[in-house]
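**Student:** Following this message is one structure expressed as structure tokens.
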Amino acid sequence: MRSGRLGRLGRAVVDFFFPEEVCAVCAGPLPPPSVWEPEACPDCLDDIFRRLEAAPAPVLSSPSAVHLDGVVTAGVYEGALRRAVLRLKDAPDRRLAGFLARLMAEQLGRVWRPAGRPTVVPVPLHPSRRVQRGFNQAELLAGELVRLAGFPAQVTACERVRDTPQQSGLDRWARSMSLIGAFRVRETAWVTGRTVLVVDDVVTTGATAGELARVLKAAGAREVWCAAAAGVHPSHTSES
Numbered sequence: 007m008r009s010g011r012l013g014r015l016g017r018a019v020v021d022f023f024f025p026e027e028v029c030a031v032c033a034g035p036l037p038p039p040s041v042w043e044p045e046a047c048p049d050c051l052d053d054i055f056r057r058l059e060a061a062p063a064p065v066l067s068s069p070s071a072v073h074l075d076g077v078v079t080a081g082v083y084e085g086a087l088r089r090a091v092l093r094l095k096d097a098p099d100r101r102l103a104g105f106l107a108r109l110m111a112e113q114l115g116r117v118w119r120p121a122g123r124p125t126v127v128p129v130p131l132h133p134s135r136r137v138q139r140g141f142n143q144a145e146l147l148a149g150e151l152v153r154l155a156g157f158p159a160q161v162t163a164c165e166r167v168r169d170t171p172q173q174s175g176l177d178r179w180a181r182s183m184s185l186i187g188a189f190r191v192r193e194t195a196w197v198t199g200r201t202v203l204v205v206d207d208v209v210t211t212g213a214t215a216g217e218l219a220r221v222l223k224a225a226g227a228r229e230v231w232c233a234a235a236a237g238v239h240p241s242h243t244s245e246s
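Taking our numbering, the leading residue of the sequence shown gets 7, the next gets one more, and so forth.
Here it is as structure tokens:
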């Protein structure tokens, strides 16, 4: 345990002083800048794209997922991408968020043609959870995504009014039921008549994004899509 903590500390020190010289995912060395521009090393990129090409689209089993008009993920919640998502949960690394947002934007560009100018809404954390963590990783991803695409992000458009239990370990029905009444739209002007893109770090059954989509549509949203850094497939739902 102690050696693990020292290892994380050492990686954090390297990332702080030499942020552009290490992989944003594994903190390993990057090739020389003259021949390599991405933030991730060749091994991590190869792992992410290999799994993406071999995997089917996420299967959303939650009853509330029917409120979503589409879901796009940057890849599968396994291997290097899973490590990247977990690392972003631990610390507000904007460089890592930017890398993941570029992967998300690439996948979105292949299938998503929004009507009009969409509003980007990160999945909100309950205030107590945000204080405990210190940041919201969905907001980091949303901020980097809109910086790339130029869409307006509305961090305050929705809020989580009820603290919900950890979704990990719950089945699809329990996940869906635990989220009923968890969200509220605060600023309907950014929702009514618009296409809304909900942003999260991981999509498992679609319960969270689906419940938020239900609330957004009740407030007048034209359609609601979800973009996530990773998608969990049915055989791996216990990991998220």
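For every residue, glycine included, the Cβ atom is placed at its ideal position computed from N, Cα and C.
Here the structure is a predicted model, which means the values were calculated and not measured.
1. Using a 10 Å radius around the Cβ and a threshold of 16 neighbouring Cβ atoms, would you call residue 134 buried or exposed?
2. Which same chain residues end up closer than 6 Å to residue 84 when comparing Cβ atoms and leaving out the 5 residues on each side of it in sequence?
3. For residue 81, count the other beta carbons within 10 Å of its own beta carbon; 16 or more makes it buried, fewer makes it exposed. Which is it?
4. Have a look at the DSSP bridge pairing and note the partners of residue 166.
5. Could you tell me the distance, in whole angstroms, from the CA atom of residue 138 to the CA atom of residue 156?
6. DSSP three-state call for residue 8: helix, strand or coil?
7. Label residue 124 either buried or exposed according to how many other C-beta atoms from any shown protein chain fall within 10 Å of its C-beta, with 16 as the threshold for buried.
8. According to DSSP, is residue 72 part of a helix, a strand, or is it coil?
9. By how many angstroms is the C-alpha of residue 166 removed from the C-alpha of residue 191?
10. Given 6 Å as the limit, tell me if residue 164 has its C-beta closer than that to any heavy atom belonging to the ligand COA.
11. Could you give the distance in angstroms between the alpha-carbon of residue 66 and the alpha-carbon of residue 28?
12. Give every residue of the same chain whose Cβ lies closer than 7 Å to the Cβ of residue 154, excluding the five residues on either side of it in the sequence, and list them in chain order.
13. Does the segment 181-200 touch the segment 140-149, meaning 3 or more C-beta pairs lie closer than 8 Å?
14. Can you tell me whether residue 36 is helix, strand or coil according to DSSP?
15. Just the Cα atoms here: how many angstroms apart are residue 130 and residue 119?
16. Which word fits residue 59, buried or exposed, when buried means at least 16 other C-beta atoms lie within 10 angstroms of its C-beta?
17. Since residue 234 is in the beta strand (DSSP E), which residue starts that stretch and which ends it?
18. Is the beta carbon of residue 94 sitting closer than 7 Å to the one on residue 102?
19. Once DSSP output is grouped into helix, strand and coil, what is the label at residue 201?
20. Measure the alpha-carbon distance for residue 193 versus residue 39 and round it to whole angstroms.
21. First and last residue of the alpha helix (DSSP H) that includes residue 214?
22. Let me make sure I understand the geometry here. Which of 221, 238 and 195 has the alpha-carbon closest to that of residue 186?
23. First and last residue of the alpha helix (DSSP H) that includes residue 133?
**Tutor:** With the structure as the only source:
1. exposed
2. 57
3. buried
4. 189
5. 31 Å
6. In this prediction, residue 8 scores a pLDDT of 36, lower than 50, which makes its location untrustworthy; no coordinate-derived value is stated.
7. buried
8. helix
9. 9 Å
10. Absence of the ligand COA from the depicted structure is noted, as is the absence of any ligand whatsoever, leaving it without description.
11. 35 Å
12. 107, 108 and 111
13. no
14. coil
15. 25 Å
16. exposed
17. 229-237
18. yes
19. strand
20. 44 Å
21. 213-224
22. 221
23. 133-139
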